[in-house]
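Peer 1: Quick one: the structure is below, and I'll ask about it shortly.
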Amino acid sequence: MTDQPVWRPTASREHLKSRAQQLAYVRGFFAERGVLEVETPVLGRHGVTDVNLEGVAASVDAGGVSGGWLQTSPEYHMKRLLAAGSGSIFQVARVFRNGELGRRHNPEFSMLEWYQVGLNDMALMAEVSDLVCGWLDCERPDILNYRDAVRVIAGFDPMTISRHDLYQVCEQWLEPEQLAGMSRDDCLDLVMSFRVEPELGQKRPVFITRYPESQAALARVTSEDGYSVAHRFELYINGLELCNGYWELTDPAEQRKRFVEDNRRRQAAGKPKMAVDQAFLAALDAGLPECSGVALGLDRLLMLKTGAARIEEVLAFPIERA
Amino acid sequence: MASYSTNEFRGGLKVLLDGDPCIILENEFVKPGKGQAFNRVRLRNLMSNRVWERTFKSGETLEAADVMDQDMEYLYTDGEFWHFMLTDGSFEQYPADAKAVGDTVKWLKEQDVYTVTLYNGAPLSVTPPNFVELEVVDTDPGMKGDTAQGGSKPATLSTGAVVSVPLFIVIGEVLKVDTRSGEYVNRVKSS
Chain U
2 MTDQPVWRPT ASREHLKSRA QQLAYVRGFF AERGVLEVET PVLGRHGVTD
52 VNLEGVAASV DAGGVSGGWL QTSPEYHMKR LLAAGSGSIF QVARVFRNGE
102 LGRRHNPEFS MLEWYQVGLN DMALMAEVSD LVCGWLDCER PDILNYRDAV
152 RVIAGFDPMT ISRHDLYQVC EQWLEPEQLA GMSRDDCLDL VMSFRVEPEL
202 GQKRPVFITR YPESQAALAR VTSEDGYSVA HRFELYINGL ELCNGYWELT
252 DPAEQRKRFV EDNRRRQAAG KPKMAVDQAF LAALDAGLPE CSGVALGLDR
302 LLMLKTGAAR IEEVLAFPIE RA
Chain H
1403 MASYSTNEFR GGLKVLLDGD PCIILENEFV KPGKGQAFNR VRLRNLMSNR
1453 VWERTFKSGE TLEAADVMDQ DMEYLYTDGE FWHFMLTDGS FEQYPADAKA
1503 VGDTVKWLKE QDVYTVTLYN GAPLSVTPPN FVELEVVDTD PGMKGDTAQG
1553 GSKPATLSTG AVVSVPLFIV IGEVLKVDTR SGEYVNRVKS S
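Set out below in structure tokens:
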């Protein structure tokens, strides 16, 4: 043990160089497609209501504005640009998520977020494949819906399994007293994290699509085989979750409902309610164009490119050294 | 007693689990982007030395275990207990039983300093330094001129430990031994 401050970076010079090349590749990719690069606030007046996302609170004090949040994603601001007529846009943003630290997580990370006006989720998935496979030189991803992924890998139907049976599945990881109070989605997340994800994208990359309605976040919902499914997709390569995309919800009334529901879930989980971003809702009222959007973790993409096992191998200074 | 939430989990942290003191070996944070976060934790139970794997929901807490590592000088054994004394000048003594001393017994030399792990104030385990210097009390006669060649033989050290040594080692020599592997390192001095 030593109390000496550690000043050296955790990433090798070679990985720093790969990072610079990746950034140049991304900008080239979008320049070729005529997608406009934008910058939106890292420090915003509002956080997010998502029950499982914790922002990092800021303490701004300027011109009557106080408090504020480091953004968990540039989504609301970018959608305000879209509503204002920006057309298709992309951004390389630094985003912040409190409490997230591990082999694949750092509380601050680089996110590539982009929106394509007029594209649905399937078309945007094709573009994600172009971007990722063009950089990693990998096979194009398979597409598997959430229900089938859980059925095939975990051996039960996530749409129909009873709460009792789901709890029984979860008892291989958690004690009964830990399970008490866990929602259906919490349980499904447990199975997804420990049973399903490690298997995903091992042979070739795979998109998981059509999430349960309760996990829609900001995606639109349609009916499929008699079940409500969210037009949300995630890409997995070697068991690593790389991106999260939506065929975006444009209905302001539905969006308001989801914010209220989020805060209800937050309160049920003993978390503080989050103020709703009224400027974002006003933008939806004015009209968000039909679009799809996706957020992709650039540090994880670089882990795949370089074969790094831990995220700090591709970060100059992870939080412990930041 | 203090407690730690999952956000504070890290390797080396000592916690109480099912009533036993445990040390966290590895803490893996797992979270689907929009989903519930979990910590997959590997811990060693300091009582049984067994390694456990447990999962915790983000935000769960574990009580801190009153476990402390202290440098202590080994004094003597009365047959039932091995007596250690703090090196901080307090002369405070702690008796460790056979379970706490465990395999370290074969490296115990009077007046040498060991790490004694205390749980609720009583010795839980004794860890030897990585290297100890001990005298050879028994081995087959040495063979002159054999220093360059391979080959080894057993040698019994003053503490009773038996290590494999080169053929040229003779009784009375003091050897440096790696306690982690139980291997001979080199001669400290010739007698």
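Line order of the protein sequences matches chains U and H. Counting in the working numbering, the first sequence runs from 2 upward without gaps. Counting in the working numbering, the second sequence runs from 1403 upward without gaps. Yeah, the Cβ is synthetic: ideal placement off N, Cα and C, and Gly gets one too.
Which stretch, first to last residue, makes up the alpha helix (DSSP H) that contains residue 136(U)?
Peer 2: Residue mapping note: residue 136(U) aligns to position 135 of the first sequence, counting from 1. Residues 122 to 137.
Peer 1: Under DSSP, the beta strand (DSSP E) around residue 117(U) begins and ends at which residues?
Peer 2: On the first sequence, position 116 is the one that residue 117(U) refers to. Note, residue 117(U): beta strand (DSSP E), 109 to 118.
Peer 1: DSSP on residue 285(U), reduced to helix/strand/coil?
Peer 2: Numbered from 1 along the first sequence, position 284 holds the residue referred to as residue 285(U). DSSP places residue 285(U) in helix when its eight states are reduced to three.
Peer 1: Indicate the three-state DSSP secondary structure (helix, strand or coil) for residue 1463(H) in the structure shown.
Peer 2: One-based indexing of the second sequence puts residue 1463(H) at position 61. Three-state DSSP puts residue 1463(H) in a strand.
Peer 1: When the Cα atoms are used, what is the spatial distance from residue 256(U) to residue 9(U)?
Peer 2: In the first sequence, the residue the question calls residue 256(U) occupies position 255. In the first sequence, the residue the question calls residue 9(U) occupies position 8. Whole-angstrom Cα-Cα distance: 45 Å.
Peer 1: Give the secondary structure of residue 67(U) by DSSP, where H, G and I count as helix, E and B as strand, and everything else as coil.
Peer 2: Position 66 of the first sequence, counted from the first residue, corresponds to residue 67(U). Of the three classes helix, strand and coil, the one that applies to residue 67(U) here is strand, per DSSP.
Peer 1: Among residues of its own chain, excluding the 5 on either side of residue 1404(H), which ones have a beta-carbon nearer than 7 Å to its beta-carbon?
Peer 2: Here residue 1404(H) refers to the residue found at position 2 when the second sequence is read from its first residue. Hits under 7 Å: 1466.
Peer 1: Closer than 8 Å, Cβ to Cβ, to anything on chain H: give me those residues from the region 49 to 81 of chain U, in chain order.
Peer 2: Hits within the stretch, in order: 51, 53 and 54.
Peer 1: Can you give me the C-alpha to C-alpha distance between residue 142(U) and residue 134(U), rounded to a whole angstrom?
Peer 2: Translated into the one-based positions of the first sequence, residue 142(U) becomes position 141. Translated into the one-based positions of the first sequence, residue 134(U) becomes position 133. Approximately 9 Å, taken between the alpha carbons.
Peer 1: In terms of alpha-carbon separation, which member of 1513(H), 1451(H), 1586(H) and 1480(H) lies closest to residue 1488(H)?
Peer 2: On the second sequence, position 86 is the one that residue 1488(H) refers to. Nearest of 1513(H), 1451(H), 1586(H) and 1480(H) to residue 1488(H), Cα basis: 1513(H).
Peer 1: Residue 1590(H) and residue 1578(H): beta carbons closer than 7 Å?
Peer 2: Against the second sequence, residue 1590(H) aligns to sequence position 188. Against the second sequence, residue 1578(H) aligns to sequence position 176. Taking C-beta atoms as the reference points, residue 1590(H) and residue 1578(H) count as a pair closer than 7 Å.
Peer 1: List the residues that DSSP assigns as beta-bridge partners of residue 230(U).
Peer 2: Sequence index remark: in the first sequence, residue 230(U) carries index 229 (1-based). 213(U) and 223(U).
Peer 1: Let me see if you follow: with CB-CB separation under 7 Å, is residue 1434(H) close to chain U or not?
Peer 2: Translated into positions along the second sequence, residue 1434(H) becomes position 32. Interface residue, yes.
Peer 1: Give me the chain U residues within the contact set of residue 1459(H), using Cβ-Cβ distance strictly less than 7 Å, ordered along the chain.
Peer 2: As a first step, residue 1459(H) must be located in the second sequence, where it is residue number 57. Ordered by position in chain U, the residues that pass the 7 Å Cβ test against residue 1459(H) are 179.
Peer 1: Which bits of chain U does residue 1430(H) rub up against, with CB to CB less than 8 Å?
Peer 2: Against the second sequence, residue 1430(H) aligns to sequence position 28. 103 and 104, listed in chain order.
Peer 1: Between residue 247(U) and residue 209(U), is the Cβ-Cβ spacing less than 7 Å?
Peer 2: The count along the first sequence starts at 1 and reaches residue 247(U) at position 246. The count along the first sequence starts at 1 and reaches residue 209(U) at position 208. No; because the gap between Cβ atoms is not below 7 Å, this pair is not in contact.
Peer 1: Go to residue 1536(H), then tell me how far its beta strand (DSSP E) extends in each direction, as first and last residue.
Peer 2: What you label residue 1536(H) is simply residue 134 of the second sequence in a count that begins at 1. 1533 to 1541 is the span of the beta strand (DSSP E), which, as asked, contains residue 1536(H).
Peer 1: What number of angstroms, rounded off, separates the C-alpha of residue 109(U) from the C-alpha of residue 216(U)?
Peer 2: Locating residue 109(U) in the first sequence gives position 108, where the first residue counts as 1. Locating residue 216(U) in the first sequence gives position 215, where the first residue counts as 1. Spanning the two alpha carbons is a distance of roughly 24 Å.
Peer 1: Mind the definition here: the region 1431 to 1441 of chain H touches the region 183 to 192 of chain U only if three or more C-beta pairs lie below 8 Å; say whether that holds.
Peer 2: yes
Peer 1: Please report how far the alpha carbon of residue 1522(H) lies from the alpha carbon of residue 1469(H), in whole angstroms.
Peer 2: One-based indexing of the second sequence puts residue 1522(H) at position 120. One-based indexing of the second sequence puts residue 1469(H) at position 67. Rounded to whole angstroms, the separation of the alpha carbons of residue 1469(H) and residue 1522(H) is 7 Å.
Peer 1: Would you kindly check if the distance between the Cβ of residue 96(U) and the Cβ of residue 74(U) is under 7 Å?
Peer 2: Taking the first residue of the first sequence as 1, we reach residue 74(U) at position 73. Taking the first residue of the first sequence as 1, we reach residue 96(U) at position 95. Yes, the Cβ-Cβ distance between residue 74(U) and residue 96(U) is below 7 Å.
Peer 1: Using C-beta distances below 8 Å, list every residue in its chain close to residue 1588(H), excluding the 5 sequence neighbours before and after it, in chain order.
Peer 2: Stepping through the second sequence from its first residue, residue 1588(H) is reached at position 186. Counting only residues of its own chain and dropping the five nearest sequence neighbours on each side, residue 1588(H) has a CB closer than 8 Å to the CB of 1577 and 1578.
Peer 1: For the beta strand (DSSP E) containing residue 1417(H), name the first residue and the last one.
Peer 2: Numbered from 1 along the second sequence, position 15 holds the residue referred to as residue 1417(H). Where residue 1417(H) is concerned, the enclosing beta strand (DSSP E) stretches over 1416 to 1419.
Peer 1: Secondary structure at residue 1430(H), three-state DSSP: helix, strand or coil?
Peer 2: On the second sequence, residue 1430(H) is found 28 positions in, with the first residue counted as 1. Note: residue 1430(H) maps to strand in three-state DSSP.
Peer 1: Show which residues of chain H have a CB atom less than 7 Å away from the CB atom of residue 216(U).
Peer 2: Residue 216(U) sits at position 215 when you count from the first residue of the first sequence. The contacting residues are 1436.
Peer 1: Short of 8 Å Cβ to Cβ, which residues in the region 119 to 134 of chain U face chain H?
Peer 2: none
Peer 1: Look at the alpha carbon of residue 84(U) and the alpha carbon of residue 13(U), and state the distance between them as a whole number of angstroms.
Peer 2: Residue mapping note: residue 84(U) aligns to position 83 of the first sequence, counting from 1. Residue mapping note: residue 13(U) aligns to position 12 of the first sequence, counting from 1. Distance between the alpha carbons of residue 84(U) and residue 13(U) is about 42 Å.
Peer 1: Listed from N- to C-terminal order along the chain, which residues in the region 224 to 248 of chain U have their beta-carbon within a distance smaller than 8 Å of any beta-carbon of chain H?
Peer 2: Within the region 224 to 248 of chain U, the qualifying residues are 235, 242 and 245.
Peer 1: Thinking C-alpha only, which one of 195(U), 278(U), 26(U) and 305(U) is nearest residue 93(U)?
Peer 2: Residue 93(U) sits at position 92 when you count from the first residue of the first sequence. That would be 26(U), whose Cα lies nearest to the Cα of residue 93(U).
Peer 1: Residue 1525(H) and residue 1509(H) - do their beta-carbons sit closer together than 7 Å?
Peer 2: Translated into the one-based positions of the second sequence, residue 1509(H) becomes position 107. Translated into the one-based positions of the second sequence, residue 1525(H) becomes position 123. For residue 1509(H) and residue 1525(H), no; Cβs fall outside 7 Å.
Peer 1: Apply the 10 Å Cβ neighbour rule to residue 1493(H) and answer buried if 16 or more other Cβ atoms are within range, or exposed otherwise.
Peer 2: In the second sequence, the residue the question calls residue 1493(H) occupies position 91. By the neighbour-count rule (16 or more Cβ atoms within 10 Å), residue 1493(H) is not buried but exposed.
Peer 1: Determine contact between the region 155 to 174 of chain U and the region 260 to 272 of chain U, defined as no fewer than three beta-carbon pairs at a distance below 8 Å.
Peer 2: no
Peer 1: Can the beta-carbon of residue 1463(H) be found closer than 7 Å to that of residue 175(U)?
Peer 2: Counted from its first residue, the second sequence places residue 1463(H) at position 61. Counted from its first residue, the first sequence places residue 175(U) at position 174. Taking 7 Å as the Cβ cut-off, residue 1463(H) and residue 175(U) do not qualify as a contacting pair.
Peer 1: With distances taken from CA atoms, which of 44(U), 140(U) and 173(U) is nearest residue 196(U)?
Peer 2: Against the first sequence, residue 196(U) aligns to sequence position 195. That would be 173(U), whose Cα lies nearest to the Cα of residue 196(U).
Peer 1: Does chain H have any CB closer than 7 Å to the CB of residue 182(U)?
Peer 2: Counted from its first residue, the first sequence places residue 182(U) at position 181. Chain H, which has no Cβ nearer than 7 Å to the Cβ of residue 182(U), makes this no.
Peer 1: Between the C-alpha atoms of residue 252(U) and residue 229(U), what's the straight-line distance to the nearest angstrom?
Peer 2: Here residue 252(U) is taken as the residue at index 251 of the first sequence, counted from 1. Here residue 229(U) is taken as the residue at index 228 of the first sequence, counted from 1. Whole-angstrom Cα-Cα distance: 17 Å.
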